[in-house]
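These notes are about the structure you will find just below.
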Amino acid sequence: MKNEKIKFRDRLKDISAGLGDSLKESTLWGSIFRPGSPFRKGYSDSPRNRSYVVMNNVLYHLHPVKVKRHGVRLSYTLCLGGLSFFTFIVLTITGIWLMFYFRPTEMAYVDIQTLQTSIAFGSLVRNMHRWAAHIMVLVVFLHMSRVFYHGAYKAPREFNWVIGVILLLLTLLLSFTGYLLPWDQLAIWAVTVGGNMAGYTPVFGAQVKFALFAGLEATEATLLRFYVLHVLFFPFIIVIFMAIHFWRVRKDGGISGPL
Amino acid sequence: MVDIPEHLLLKTAQARAKALGISVEQALAEMKGEVEPTKIEKEPDIIEVTPIEVEVKEAPAPAAEVKEAPAPAAEVKEAPAPAAAAVKEAPAPEKTNGQVPTEVDFAPETKVTQRLLTVVKAKPIQKPTSEPVDKVNTWPHLMLPEFISLMAMTAFLIFISAILQAPLLEEANPNITPNPAKAPWYFLGLQELLSYWDPQIAGVMIPLLIGVAAFMAIPYIDRNKENKPSKRKYAIMLWTFFLAGAGTLSLIGILFRGPGWNWTYPWIDGVWFDDLLDWVHFE
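In the order they appear, the protein sequences are chains A and B.
Quick note on this note's numbering: the first sequence kicks off at 1356 and runs consecutively.
Quick note on this note's numbering: the second sequence kicks off at 747 and runs consecutively.
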């Protein structure tokens, strides 16, 4: 009896292995995974395949095939640039999910309450979005400090530093516009304080404040304005600048250093 | 002296042995300087190729191999070079005997079998200018640590989101002003400055001029090309002062400011910072 069981298990193993092989040999499978993909049949760890892994994947080929050895050490970059990008992706995913349950009207506050109490994972996703936003501001700033301490803004990377400062500003603007959306006392008064600061702009102070608030003070018109800026306008702009930023990293010779 | 690869040395030794009529082993030993070089007693007996041009001082092919025969053989730097290439430096055997030919007899046309057109030295056309860089494959050496840090960040985010509730106060009401009304935490350093200075300076000029214009101008102001920390102490000092100043102002704004933006102690009066609503339960 026991022997038969083992036999049956072995047979099952053989069948599944055979199925896996024939799947990997199929035209469909081979057309999805380009040569060098670890999922392709007959993948082996060779220098050629290591290059193909990076070259033949749309996401991975943001990276060059080879990088300077010192740049791989975690203590050199602390992965801060990569984590800035990653928190942005997390924020995009959770943000799109939150948009299903949120209306930028007088219903905004009720929508947040409903989200937290009546929707599966609503509270978790909202928390993730909020904490990831704070972390992104922090990580982007730390990344900037890391780059400064390494002198990585020096020639030929001067312009990429300028792009980086623009990205920091856009990060702050994204965070600030998102701050208003829960439409609670914390949101409206933090934005009022921030908007009033902008109102002290010399000469154009009143106009800047009016454009920011869509009126004289933070109202539901402001909420709609900030919502559009937060979910569409600033993400659109920041993605363009991120693309330039990453492209320039490659064009300016990869990571700076070694020190 | 440059190290000559063993196989080239052997080839040269064979040619030398053939030209001088000695054994290959002996020729090799001579070239390595282990034994006295053989003196040339008789001229090589292959005279089929006759020099035709004085300028080129063409020597009979085999003679070229003996170019510095009296000198220590180890000096034969370009030994494996073909006979023609060595011609420039190789005097004819007559020369080595101390006789400088004043005139060269022109051989009959019919006897000319070859002549020298040019001498090409074995040198690279392009000179590499930059040092080779020590590089590793992105996969797996960079992408693995990257993947691990992304996973760690995801785990951390889910963990804090599960235990820390994002603040949600009462519904927005423009008629009830909280006291104090604080900006988002990254602007609290500025709000703190605002309580000291004129709002036009602290609220607008400092963030715009320092926060944006000066930051962007950094690479164009700092023309020091060094990136070693020991050689850019001034720049590092400035940035560290900036970090310390911004951090101190922000911390004061976050922890030490209460109603009416008056100074409070977090351990006595509590904390007025609603971003941290669920983190600290003061008041």
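All residues carry an ideal CB built from backbone N, CA and C; glycine is no exception.
All values reported here derive from a predicted model rather than from experimental measurement.
Pop quiz: residue i and residue j are said to be a contact at Cβ under 8 Å. What is the actual Cβ separation, rounded to whole angstroms?
{"i": "Phe1589/A", "j": "Leu1528/A", "result": "6 Å"}
{"i": "Val950/B", "j": "Thr1556/A", "result": "5 Å"}
{"i": "Glu776/B", "j": "Thr784/B", "result": "7 Å"}
{"i": "Tyr1504/A", "j": "Gly1477/A", "result": "Wrong, their Cβ atoms sit about 41 Å apart, outside the cutoff."}
{"i": "Gly1391/A", "j": "Tyr1407/A", "result": "2 Å"}
{"i": "His1484/A", "j": "Gly1450/A", "result": "6 Å"}
{"i": "Trp1486/A", "j": "Leu910/B", "result": "7 Å"}
{"i": "Pro953/B", "j": "Leu940/B", "result": "10 Å between Cβ atoms; not a contact."}
{"i": "Val1409/A", "j": "Trp885/B", "result": "5 Å"}
{"i": "Phe1019/B", "j": "Lys928/B", "result": "7 Å"}
{"i": "Leu1479/A", "j": "Ala990/B", "result": "About 36 Å; that fails the 8 Å criterion."}
{"i": "Val1563/A", "j": "Gly1554/A", "result": "7 Å"}
{"i": "Leu914/B", "j": "Pro1537/A", "result": "6 Å"}
{"i": "Phe1596/A", "j": "Leu1525/A", "result": "7 Å"}
{"i": "Leu1429/A", "j": "Val1494/A", "result": "About 15 Å separates the two Cβ atoms, so there is no contact after all."}
{"i": "Glu1572/A", "j": "Glu1461/A", "result": "The Cβ separation is near 16 Å, so there is no contact."}
{"i": "Leu1535/A", "j": "Leu1579/A", "result": "In fact, because the Cβ distance is near 10 Å, the residues do not count as touching under 8 Å."}
Mind listing the chain A neighbours of residue i? Cutoff is C-beta to C-beta under 9 Å, in chain order.
{"i": "Gly949/B", "result": "Asn1551, Met1552, Ala1553, Gly1554, Tyr1555, Thr1556"}
{"i": "Pro924/B", "result": "Gln1540, Leu1541, Trp1544"}
{"i": "Tyr932/B", "result": "His1489, Val1492, Leu1493, Phe1496, Leu1527, Ser1530, Phe1531"}
{"i": "Gln946/B", "result": "Tyr1555, Thr1556, Pro1557, Gly1560"}
{"i": "Trp985/B", "result": "Ser1500, Phe1503, Tyr1504"}
Based on the DSSP secondary-structure assignment, which residues constitute the bridge partners of residue i?
{"i": "Trp1009/B", "result": "Arg1003/B"}
{"i": "Val882/B", "result": "Val1422/A"}
{"i": "Glu877/B", "result": "Looking at the DSSP assignment, Glu877/B forms no beta bridge with any residue, so it has no partner."}
{"i": "Asp1015/B", "result": "Paired residues: none, contrary to the question."}
{"i": "Glu917/B", "result": "Asp1539/A"}
What's the call for residue i, buried or exposed, on a 16-neighbour Cβ count within 10 Å?
{"i": "Asn1482/A", "result": "buried"}
{"i": "Gly758/B", "result": "Here residue 758/B turns out to be Thr, not Gly, going by the sequence shown. Buried, by the Cβ-count rule."}
{"i": "Glu892/B", "result": "buried"}
{"i": "Pro751/B", "result": "exposed"}
{"i": "Ile1361/A", "result": "exposed"}
{"i": "Asn1551/A", "result": "buried"}
{"i": "Ala1561/A", "result": "exposed"}
{"i": "Ala817/B", "result": "Here the model assigns Ala817/B a pLDDT of 43, short of 50, so the residue's position is not dependable and the matter cannot be decided."}
{"i": "Arg762/B", "result": "buried"}
{"i": "Pro930/B", "result": "buried"}
{"i": "Phe1531/A", "result": "buried"}
{"i": "Asn925/B", "result": "exposed"}
{"i": "Phe933/B", "result": "buried"}
{"i": "Ser1611/A", "result": "buried"}
{"i": "Ile956/B", "result": "exposed"}
{"i": "Asn970/B", "result": "exposed"}
{"i": "Gln872/B", "result": "exposed"}
{"i": "Phe1591/A", "result": "exposed"}
{"i": "Met899/B", "result": "buried"}
{"i": "Ile1593/A", "result": "buried"}
{"i": "Tyr1508/A", "result": "buried"}
{"i": "Ala1402/A", "result": "Note that residue 1402/A is Pro in the sequence shown here, rather than Ala. Exposed."}
{"i": "Glu1359/A", "result": "exposed"}
{"i": "Ala819/B", "result": "With a pLDDT of 43 at Ala819/B, under the threshold of 50, the predicted position of this residue should be treated as unreliable, and no value is reported."}
Give the interface partners of residue i over in chain A, defined as CB-CB distance under 8 Å, in chain order.
{"i": "Ala908/B", "result": "Leu1479, Asn1482"}
{"i": "Leu939/B", "result": "Those within 8 Å of Leu939/B in chain A number zero; the least Cβ separation is about 10 Å."}
{"i": "Val879/B", "result": "Lys1423"}
{"i": "Ile904/B", "result": "Leu1479, Met1483"}
Which residues in chain B have a C-beta closer than 8 Å to the C-beta of residue i? List them in chain order.
{"i": "Val1427/A", "result": "Val882, His887, Leu888, Pro891"}
{"i": "Ile1618/A", "result": "Nothing in the structure corresponds to residue 1618/A, since chain A is present only between 1356 and 1614."}
{"i": "His1585/A", "result": "Here the premise fails: no neighbours, minimum Cβ distance about 13 Å."}
{"i": "Gly1437/A", "result": "Glu892, Ser895, Leu896"}
Under 7 Å Cβ-Cβ, which residues of chain B neighbour residue i?
{"i": "Arg1405/A", "result": "Asn883, Trp885"}
{"i": "Lys1509/A", "result": "Pro965, Lys971, Asn973"}
{"i": "Tyr1431/A", "result": "Correct list: empty, because the minimum Cβ distance to chain B is about 11 Å."}
{"i": "Glu1513/A", "result": "Pro965, Tyr966"}
For a contact meaning CB atoms closer than 7 Å, what does residue i contact in chain A?
{"i": "Lys974/B", "result": "Leu1614"}
{"i": "Ala901/B", "result": "Result: empty, since nearest Cβ-Cβ is about 12 Å, beyond 7 Å."}
{"i": "Ala929/B", "result": "Ala1545, Val1548, Gly1549"}
{"i": "Phe961/B", "result": "Val1520"}
{"i": "Arg978/B", "result": "Gly1506"}
{"i": "Ile982/B", "result": "Tyr1504"}
Can you name the residues of chain D whose CB is closer than 8 Å to the CB of residue i?
{"i": "Val958/B", "result": "Annotation note: the requested chain D is absent from the structure, which comprises protein chains A and B."}
Kindly confirm or deny that the region 954-963 of chain B and the region 1517-1524 of chain A touch, where touching means at least three C-beta pairs closer than 8 Å. Three or more Cβ pairs closer than 8 Å define a contact, and the region 954-963 of chain B meets that threshold against the region 1517-1524 of chain A.
Inter-stretch contact at 8 Å, needing at least 3 Cβ pairs: the region 1484-1491 of chain A / the region 1460-1476 of chain A: Too few Cβ pairs lie closer than 8 Å, so no.
For the 8 Å Cβ check, are there 3 or more pairs between the region 1395-1402 of chain A and the region 1366-1386 of chain A? As far as the Cβ criterion goes, the region 1395-1402 of chain A touches the region 1366-1386 of chain A, which means the pair count is three or higher.
Is the region 891-911 of chain B touching the region 1428-1435 of chain A in the sense that three or more CB pairs, one from each, lie closer than 8 Å? The region 1428-1435 of chain A, when compared against the region 891-911 of chain B, does touch it at the 8 Å Cβ threshold.
Any contact of the region 1590-1609 of chain A with the region 1537-1552 of chain A, i.e. 3+ C-beta pairs under 8 Å? As far as the Cβ criterion goes, the region 1590-1609 of chain A does not touch the region 1537-1552 of chain A, which means the pair count is below three.
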